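> Just dropping this structure here.
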Amino acid sequence: MNVDIRDTEVLNALGPLDLELYLKSRGWNESFIMPDKYSVWITRDGNNEEYEITLPLDRTVIDYALRIGELLNTLELAENRSQTEIYNDLKTTSADIIRLKFSLPNSSGGSIPIEKGVEIVNNVWGMMMASACSTIEPRPIFQARKPNQAVDYMKKVRLGQTEQGSYVVTVLSPVSPEINIKQTKLLNAQNSEDPFERKVILNLSTALAEMKYAAERAAVKSSFEYFEDAIEKGVSANLCEAVARLSSYNDQYQDLYVSFSLSRNRPAIADVVKNVYLSADIMPVLDEVARVFRESAPRDDFEVRGPVIRLERNEGSSAGKITVIAFIDEKPRKISFELPDELYHLAVQAHDQEKTIACYGTLVREGRTYFLKNPGDLMIERE
Numbered sequence: 041m042n043v044d045i046r047d048t049e050v051l052n053a054l055g056p057l058d059l060e061l062y063l064k065s066r067g068w069n070e071s072f073i074m075p076d077k078y079s080v081w082i083t084r085d086g087n088n089e090e091y092e093i094t095l096p097l098d099r100t101v102i103d104y105a106l107r108i109g110e111l112l113n114t115l116e117l118a119e120n121r122s123q124t125e126i127y128n129d130l131k132t133t134s135a136d137i138i139r140l141k142f143s144l145p146n147s148s149g150g151s152i153p154i155e156k157g158v159e160i161v162n163n164v165w166g167m168m169m170a171s172a173c174s175t176i177e178p179r180p181i182f183q184a185r186k187p188n189q190a191v192d193y194m195k196k197v198r199l200g201q202t203e204q205g206s207y208v209v210t211v212l213s214p215v216s217p218e219i220n221i222k223q224t225k226l227l228n229a230q231n232s233e234d235p236f237e238r239k240v241i242l243n244l245s246t247a248l249a250e251m252k253y254a255a256e257r258a259a260v261k262s263s264f265e266y267f268e269d270a271i272e273k274g275v276s277a278n279l280c281e282a283v284a285r286l287s288s289y290n291d292q293y294q295d296l297y298v299s300f301s302l303s304r305n306r307p308a309i310a311d312v313v314k315n316v317y318l319s320a321d322i323m324p325v326l327d328e329v330a331r332v333f334r335e336s337a338p339r340d341d342f343e344v345r346g347p348v349i350r351l352e353r354n355e356g357s358s359a360g361k362i363t364v365i366a367f368i369d370e371k372p373r374k375i376s377f378e379l380p381d382e383l384y385h386l387a388v389q390a391h392d393q394e395k396t397i398a399c400y401g402t403l404v405r406e407g408r409t410y411f412l413k414n415p416g417d418l419m420i421e422r423e
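So the working numbering is basically just the index in the sequence shown, starting at one, shifted up by 40.
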């Protein structure tokens, strides 16, 4: 149900500058301006239907709120979006907005079980972190130790207010405004490239669209190659898992609708993916793809933490082989790896003292056996 915004105080809070920036970013064109009075903006939709807006430029006029209300009515028709959603975009000028609309049973009143709410927050975090990591370097899977740039970015991301709909979660990704750099004595450059925060959002929108396509084709062709090709577009086991878990409710998958509204403080991007509809049908495919990625792809920077259960070294050899019990995807597994003399003695010490070791390396699977290649940073953990 769409709701008209009529509160005078709420409408007066929208300034002419924010509205101008919004209209420009949405492809509206200014056709006439009476300085300090009003300006006229026009646009056409996909059916070539023309829309016109009169924007008051003086907030002190007595009917300012009335005119802004009329403006929102026109935007609602032109964009086929609710006034509440448009208003929230107008008030969030310094952030890109991601909206996730869930088709959950018994959520029409705008509430869901708290357990599902916690799960949504955790997996929204996982989705955003996966996009941040693949923006830095596309990989089939990302381990517990994430890049510092991705970790720093996630500290800035915020949850917004829920919105009307079955259940709508908003994610705010702050983005710095563009500054046009002109040639000077100190700097000779044109417009700078997008900041990392904007790249993460563009990467996420592309990755979700590619993931959807790959899942649909993989289901028809029974081929994994579509997902292998999509890795460079930001698709990973982490992203597939997060989306599938967002869709899961009471052991059943639900449809998920994701939309993107880019901040107006940077230029509009014509070819950005704005909406991605992810049907419940593709979710089992995503779960399976995540499993295959995790089992087959080498895992760089994988942390092994656990007790040493076996020591092997040939007489006269400078290197030794150890086996550790550690968790892989929340399941205990035996992991073997070779160590140089100095680190092997450290492992022997941990074994004799029945202490846990921690080590990083590249985890690979050969048949049913796990190996850690290029182990490093080995240490005995304190109790």
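Glycine included, every Cβ here is placed at the ideal spot set by N, Cα and C. These numbers were taken from a predicted model, which means no experiment stands behind them.
(1) Measuring only the C-alpha atoms, how far is F377 from R422?
(2) Determine, using beta-carbon pairs with one atom in the stretch 298-311 and one in the stretch 191-205, whether at least three such pairs fall under 8 Å.
(3) Please confirm whether V283 has its beta-carbon closer than 9 Å to some beta-carbon of chain D.
(4) At which residue ranges does the stretch 321-366 contain complete beta strand (DSSP E) runs of 3 or more residues, listed in the order of the chain?
(5) One question on the structure: do R339 and I181 come within less than 9 Å of each other, judged by their Cβ atoms?
(6) Is there contact here, the stretch 324-337 with the stretch 267-282, by at least three beta-carbon pairs under 8 Å?
(7) Taking just the CA atoms, how far does G360 sit from P217?
(8) Cα separation between R179 and I271?
(9) Whose C-beta lies closer than 6 Å to the C-beta of Y293 among residues of the same chain, with five residues either side of it excluded?
(10) Check the C-beta distance from E343 over to Y400 and give it rounded, since I have them as a contact under 8 Å.
(11) If I measure Cβ to Cβ from T133 and keep anything under 8 Å in the same chain, skipping five residues before and after, which residues do I get?
(12) Put Y62 into one of helix, strand or coil per three-state DSSP.
(13) My assumption, with CB atoms under 8 Å, is that I365 sits in contact with P380. Please give the rounded CB distance.
(14) Looking only at its chain, what residues have a beta carbon closer than 7 Å to the beta carbon of P187, apart from the 5 residues adjacent to it on each side?
(15) Name the two residues that bound the continuous alpha helix (DSSP H) containing F431.
(16) One question on the structure: do I126 and I241 come within less than 9 Å of each other, judged by their Cβ atoms?
(17) Buried or exposed: where does Y384 fall if 16 or more other Cβ atoms within 10 Å of its Cβ makes it buried?
(18) Quick one: grab the DSSP three-state call for A308.
(19) Is it true that the CB of V211 sits closer than 9 Å to the CB of E237?
(20) Tell me which residues share the same chain as H391 and place their Cβ nearer than 7 Å to its Cβ, disregarding the 5 neighbours each side in the sequence.
(21) With distance defined between alpha-carbon atoms, name the residue in L318, A398 and K371 nearest to I362.
(22) Taking only the alpha-carbon atoms, compute the straight-line gap between A310 and M169 and give it to the nearest angstrom.
(23) Under a three-way DSSP split, which group does R285 fall into?
(24) Just mark R84 as buried or exposed, buried being the case when its beta carbon has 16 or more other beta carbons within 10 Å.
(25) For M74, list the residues DSSP reports as bridge partners.
(26) Quick one: residues in its chain with C-beta nearer than 7 Å to the C-beta of R408, no 5 flanking neighbours on either side, listed in chain order?
According to the structure shown:
(1) Within the sequence shown, residue 377 is the residue found at index 337, counting from 1. Within the sequence shown, residue 422 is the residue found at index 382, counting from 1. Taking the straight line joining both Cα atoms gives about 22 Å.
(2) Counting C-beta pairs closer than 8 Å gives fewer than three between the stretch 298-311 and the stretch 191-205, which falls short of the contact rule.
(3) Looking at the structure shown, chain D is missing, and only one protein chain is on hand.
(4) 339-352
(5) For the purposes of this step, residue 339 is taken as the residue at position 299 of the sequence shown. For the purposes of this step, residue 181 is taken as the residue at position 141 of the sequence shown. Contact: yes.
(6) yes
(7) Residue mapping note: residue 217 aligns to position 177 of the sequence shown, counting from 1. Residue mapping note: residue 360 aligns to position 320 of the sequence shown, counting from 1. Looking at the two C-alpha atoms, the distance is approximately 55 Å.
(8) For this step, residue 179 is matched to residue 139 along the sequence shown. For this step, residue 271 is matched to residue 231 along the sequence shown. Straight-line spacing of the CA atoms in R179 and I271 works out to 6 Å.
(9) Within the sequence shown, numbered from 1, the residue matching residue 293 stands at position 253. Counting only Cβ-Cβ distances below 6 Å, and skipping sequence neighbours, we find S287, A320 and M323.
(10) As a position in the sequence shown, residue 343 is number 303, starting the count at 1. As a position in the sequence shown, residue 400 is number 360, starting the count at 1. Confirmed, Cβ separation roughly 6 Å.
(11) Start at 1 with the first residue of the sequence shown, and residue 133 comes out as number 93. Closer than 8 Å at Cβ, skipping near neighbours: D58, L61, S303, R304 and N305.
(12) Position 22 of the sequence shown, counted from the start, is the residue given in the question as residue 62. Here Y62 sits in helix by DSSP.
(13) For the purposes of this step, residue 365 is taken as residue 325 along the sequence shown, with counting starting at 1. For the purposes of this step, residue 380 is taken as residue 340 along the sequence shown, with counting starting at 1. Rounded, the Cβ-Cβ distance is 22 Å, inconsistent with contact.
(14) Counted from its first residue, the sequence shown places residue 187 at position 147. C173 and I176, listed in sequence order.
(15) Residue coverage of the chain in this structure runs from 41 to 423, which leaves residue 431 outside it and unanswerable.
(16) In the sequence shown, counting from the first residue as 1, residue 126 sits at position 86. In the sequence shown, counting from the first residue as 1, residue 241 sits at position 201. The answer is no: Cβ separation not under 9 Å.
(17) Position 344 of the sequence shown, counting from 1, holds the residue named residue 384. So Y384 counts as buried.
(18) Walking along the sequence shown from the start, residue 308 turns up at place 268. Three-state result, A308: coil.
(19) If you number the sequence shown from 1, residue 237 lands on position 197. If you number the sequence shown from 1, residue 211 lands on position 171. Their beta carbons are not under 9 Å apart, which means E237 does not touch V211 by this criterion.
(20) Here residue 391 refers to the residue found at position 351 when the sequence shown is read from its first residue. So the qualifying residues of the chain are V348 and L351.
(21) Walking along the sequence shown from the start, residue 362 turns up at place 322. Considering only alpha carbons, the answer is A398.
(22) For the purposes of this step, residue 310 is taken as the residue at position 270 of the sequence shown. For the purposes of this step, residue 169 is taken as the residue at position 129 of the sequence shown. About 25 Å.
(23) For the purposes of this step, residue 285 is identified with residue 245 of the sequence shown, where counting begins at 1. DSSP, read as helix, strand or coil, puts R285 in helix.
(24) What you label residue 84 is simply residue 44 of the sequence shown in a count that begins at 1. The residue is exposed, with fewer than 16 neighbouring Cβ atoms inside 10 Å.
(25) Start at 1 with the first residue of the sequence shown, and residue 74 comes out as number 34. DSSP lists Y78 as partners of M74.
(26) As a working note, residue 408 is residue 368 in the sequence shown. Nothing meets the Cβ criterion.
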